[in-house]
Amino acid sequence: MRKHGYPTIIDIEASGFGSRSYPIEIGVVKGSGERYCALIRPEPDWQHWCSSAQAMHGISRQLVERRGRSPKEICTELNQFIGAITAYSDAWTHDSPWLNRLFFAARINPVFHLSPIEMISTEAQLLAWDAAKKRLAKQLDIKRHRASGDAYLIQQTYLYTRNLMETHPALARRTGL
Numbered sequence: 027m028r029k030h031g032y033p034t035i036i037d038i039e040a041s042g043f044g045s046r047s048y049p050i051e052i053g054v055v056k057g058s059g060e061r062y063c064a065l066i067r068p069e070p071d072w073q074h075w076c077s078s079a080q081a082m083h084g085i086s087r088q089l090v091e092r093r094g095r096s097p098k099e100i101c102t103e104l105n106q107f108i109g110a111i112t113a114y115s116d117a118w119t120h121d122s123p124w125l126n127r128l129f130f131a132a133r134i135n136p137v138f139h140l141s142p143i144e145m146i147s148t149e150a151q152l153l154a155w156d157a158a159k160k161r162l163a164k165q166l167d168i169k170r171h172r173a174s175g176d177a178y179l180i181q182q183t184y185l186y187t188r189n190l191m192e193t194h195p196a197l198a199r200r201t202g203l
């Protein structure tokens, strides 16, 4: 497997789950460490809202209506910020449709490609992922479940598990970390 440096990570918070949900916040952390985060103003036909999703991320519909920015503005910035590379998500089955919905609303094509983090992770990394992510969230003192913080945590989890597998593969297998 080709070794990747610091991958660019995208994380999206949404109005809920399922086919009627839509993105309300997007966060990106690049390999360089630069971050981008934006609240997304819902389009007029984006009406679905799930209170349990709001309880998880803490973002109200009123907040995204008041402070959110247009999909066109955000997509233009994302293309400029990310560039023509592959970015990764640890929840690709959710994030990919939400990203597609965002770009469709903006009537812009993404210049980057979104791929599952599993495409650059080893099986051993994935087996250690949940425990490592939980440990890092505590160490990094990440309390809020928001897009840019989550993107950073995902990137750090990828790097931590990769380093652990490279330096202590037997220990990692034995301890689950």
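For the sequence shown, this note's numbering assigns the number 27 to the initial residue and increments by one for each residue that follows.
All C-beta atoms, glycine included, are put in the ideal place defined by N, C-alpha and C.
No experiment lies behind these values; they were computed from the predicted model shown.
>> Do Lys159 and Ile180 have their beta-carbon atoms positioned less than 9 Å apart in this structure?
In response: yes
> DSSP beta-bridge partners for Ala132?
Replying inline: Ala132 pairs with nothing; no bridge assigned.
>> Just list the residues that DSSP pairs Thr112 with in beta bridges.
In response: His139
>> Taking contact to mean 3 or more Cβ pairs, one atom from each stretch, closer than 8 Å, check whether the stretch 182 to 194 and the stretch 138 to 153 are in contact.
In response: yes
> Among the residues of its own chain, which have a CB less than 7 Å from the CB of Gln80, if the five just before and after it don't count?
Replying inline: Ser86
>> Using a 10 Å radius around the Cβ and a threshold of 16 neighbouring Cβ atoms, would you call Arg170 buried or exposed?
In response: exposed
> Going by other Cβ atoms of all chains shown within 10 Å of its Cβ, with 16 needed for buried, is Arg188 buried or exposed?
Replying inline: buried
> For the beta strand (DSSP E) that Leu65 lies in, which residues bound it at each end?
Replying inline: Element bounds for Leu65: Arg61 to Leu65.
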